[in-house]
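Numbering (this note's numbering), first residue to last: 177 to 523. Each residue gets a CB set at the ideal place from its N, CA and C atoms; glycine is no exception. Below is one structure, written out as structure tokens; the observations come after it.
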Ligand SMILES: Cc1ncc(COP(=O)(O)O)c(C=O)c1O
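Rendered as structure tokens:
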């Protein structure tokens, strides 16, 4: 099967930079960013900081580093971080909060990926010589493992208030905050307001080949700069990558609405196949979780069978598979994806 015949819905990270993005990268003015000399990186950092209404931003190679830099910058070993059970920072970043920053990770449960302000309040430990010090709260929006669910600014504001009142640092893993912004119409600055720090990624739905940013106050970013160096994230003429991020902001943000409508087509189509269930009301952005238990096969077999027909998705649980739409997949391909699944599994 030729590459162009494959419909790759494994993740929104599988996109390839198009000719125009590559041109922007090739033409970017660059300098040594470890000296702070790269004008394209500086432009991206300033632009992102302004978009989110924060004082400063720091370019990192990955979302993982953008998150972990935050914890390492502010935390002391023996502190505790509260996060949702299925979150990325604790489940998919190789125990980074514990390994890098000596943090105890405590999980809060939720239906949609978002715990309540009351849950945070109830989880704060007494301040004594026995307990870890509850100090950081982390939220993920949109939430990957909960199928791209969107957190409302009202829910976030309530949690932010508990954090403020109890001297807790509030961090957002906003790898896909762009999708939340487009789906809800809430501005990026409004989303960012209650948070002390954020991590945002340009390499998910935005289509850049790599690049993320940590955001916060000028003082925080000054310190985070040292930690980035410690993590080996000091890069040199990296404006060629930052240029892809600037291009993505100009060209790939508003089109995320297409990914969301393609995800709906996919979700409704898959849900119409006997043996597959998609909770349609939970499809809010570009991620579709399909429960295939009714087909009587394992997710592994499902993934293998459809991959032989040129359709790629990933196993995402004991009976679940995940499909993700992105800028390299069209509406027609999503319709075709449903037909392929029907063809494979309809009796
Ligand atoms: C919600 C979330 N946060 C953080 C990351 C980490 O990003 P990276 O793969 O660039 O380290 C991902 C990666 O997919 C993610 O889905």
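**OP:** Pair every Cβ in the stretch 368 to 376 with every Cβ in the stretch 389 to 396, then say whether three or more of these pairs are closer than 8 Å.
**Re:** Touching, yes, given that three or more Cβ pairs across the two stretches are closer than 8 Å.
Original post:
Measuring from the CB of residue 238, is there a heavy atom of ligand 1 at a distance below 7 Å?
Top reply: Here residue 238 is taken as the residue at index 62 of the chain shown, counted from 1. Yes, the Cβ of residue 238 comes within 7 Å of a heavy atom of ligand 1.
Original post:
Closest by CA to residue 481, which one among 517, 347, 416, 284?
Top reply: Numbered from 1 along the chain shown, position 305 holds the residue referred to as residue 481. Selected option, being the one with the closest Cα: 517.
**OP:** Would you give the residue range spanned by the beta strand (DSSP E) that residue 228 belongs to?
**Re:** Position 52 of the chain shown, counted from the start, is the residue given in the question as residue 228. Element bounds for residue 228: not the beta strand (DSSP E) but the alpha helix (DSSP H), 215 to 228.
Original post:
Which whole runs of the beta strand (DSSP E) in the stretch 229 to 288 are 3 residues long or more, in chain order?
Top reply: DSSP runs (the beta strand (DSSP E)) wholly in the stretch 229 to 288: 232 to 236, 255 to 260, 280 to 284.
Original post:
Sorry if obvious, but does the Cβ on residue 360 come closer than 7 Å to a heavy atom of ligand 1?
Top reply: The residue labelled residue 360 in the question sits at position 184 within the chain shown. The answer is no for residue 360.
**OP:** Give the secondary structure of residue 400 by DSSP, where H, G and I count as helix, E and B as strand, and everything else as coil.
**Re:** Stepping through the chain shown from its first residue, residue 400 is reached at position 224. Per DSSP, reduced to three states, the secondary structure at residue 400 is helical.
Original post:
Just the Cα atoms here: how many angstroms apart are residue 448 and residue 381?
Top reply: The residue you call residue 448 lines up with position 272 of the chain shown. The residue you call residue 381 lines up with position 205 of the chain shown. Cα-Cα distance, rounded: 26 Å.
**OP:** Let me know the secondary structure DSSP gives residue 437 once reduced to three states.
**Re:** Within the chain shown, residue 437 is the residue found at index 261, counting from 1. In the structure shown, residue 437 sits in a helix (DSSP, three-state: H, G or I).
Original post:
Any heavy atom of ligand 1 within a distance shorter than 7 Å of the CB on residue 351?
Top reply: By 1-based counting over the chain shown, the position of residue 351 is 175. Because some heavy atom of ligand 1 lies under 7 Å away, the Cβ of residue 351 counts as near it: yes.
**OP:** Look at the Cβ atom of residue 221, then the Cβ atom of residue 211, and state whether they are nearer than 8 Å.
**Re:** Walking along the chain shown from the start, residue 221 turns up at place 45. Walking along the chain shown from the start, residue 211 turns up at place 35. Not closer than 8 Å, so no.
**OP:** Indicate, with yes or no, if ligand 1 has a heavy atom lying under 7 Å from the CB of residue 144.
**Re:** Past the edges of the chain, shown from 177 to 523, lies residue 144, and the structure says nothing about it.
Original post:
Leaving out the 5 sequence neighbours to the left and right, which residues in its chain are closer than 8 Å to residue 492 when beta-carbon positions are compared?
Top reply: As a first step, residue 492 is located in the chain shown; it is residue number 316 there, counting from the start. Answer for residue 492: 321, 465, 475, 498, listed in chain order.
Subject >> Closer than 7 Å: residue 248 CB and nearest ligand 1 heavy atom >> reply: Residue numbering aside, residue 248 sits at position 72 when the chain shown is read from its first letter. Residue 248: no, Cβ never under 7 Å from ligand 1.
**OP:** Rank 288, 263, 248 by C-alpha distance to the C-alpha of residue 311 and give the top, closest one.
**Re:** What you label residue 311 is simply residue 135 of the chain shown in a count that begins at 1. Distance check between residue 311 and each of 288, 263, 248 places 248 closest, using alpha-carbon atoms only.
**OP:** Write down every uninterrupted run of the beta strand (DSSP E) in the stretch 424 to 507 whose length is 3 residues or greater and which is fully enclosed by it, in chain order.
**Re:** Entirely contained in the stretch 424 to 507, the beta strand (DSSP E) runs reaching 3 residues are, in chain order, 463 to 467, 496 to 500.
**OP:** Report the three-state DSSP secondary structure of residue 311 (helix, strand or coil).
**Re:** One-based indexing of the chain shown puts residue 311 at position 135. Shown here, residue 311 sits in a strand according to DSSP, grouped into three states.
**OP:** Spell out the partners DSSP gives residue 345 in its beta bridges.
**Re:** On the chain shown, residue 345 is found 169 positions in, with the first residue counted as 1. According to DSSP, which records beta bridges pairwise, residue 345 is partnered with 312.
Original post:
Could you give the distance in angstroms between the alpha-carbon of residue 436 and the alpha-carbon of residue 357?
Top reply: Taking the chain shown and counting its residues from 1, one reaches residue 436 at position 260. Taking the chain shown and counting its residues from 1, one reaches residue 357 at position 181. Residue 436 and residue 357: Cα-Cα distance of roughly 12 Å.
Original post:
Would residue 471 pass as a contact of residue 183 if the rule is Cβ separation under 8 Å?
Top reply: One-based indexing of the chain shown puts residue 471 at position 295. One-based indexing of the chain shown puts residue 183 at position 7. Their beta carbons are not under 8 Å apart, which means residue 471 does not touch residue 183 by this criterion.
Subject >> Option nearest residue 139 by Cα separation, candidates 238, 195, 359, 415 >> reply: Since the first residue shown for the chain is 177 and the last is 523, residue 139 is missing from the structure and cannot be characterised.
Subject >> Inter-residue Cα distance where the pair is residue 334 and residue 473 >> reply: Counting from 1 along the chain shown, the entry for residue 334 is found at position 158. Counting from 1 along the chain shown, the entry for residue 473 is found at position 297. So the two alpha carbons sit approximately 43 Å from each other.
Subject >> The alpha helix (DSSP H) enclosing residue 200, as first and last residue numbers >> reply: Position 24 of the chain shown holds residue 200. For residue 200, the enclosing alpha helix (DSSP H) starts and ends at 195 to 203.
**OP:** Give every residue of the same chain whose Cβ lies closer than 7 Å to the Cβ of residue 243, excluding the five residues on either side of it in the sequence, and list them in chain order.
**Re:** In the chain shown, residue 243 corresponds to position 67, counting from 1. Contacts found: 265, 269, 349, 375.
**OP:** With a 10 Å radius around its C-beta and 16 neighbouring C-beta atoms as the bar for buried, classify residue 277 as buried or exposed.
**Re:** As a working mapping, residue 277 is identified with position 101 in the chain shown. Classification of residue 277: buried, given that the 10 Å Cβ count is 16 or more.
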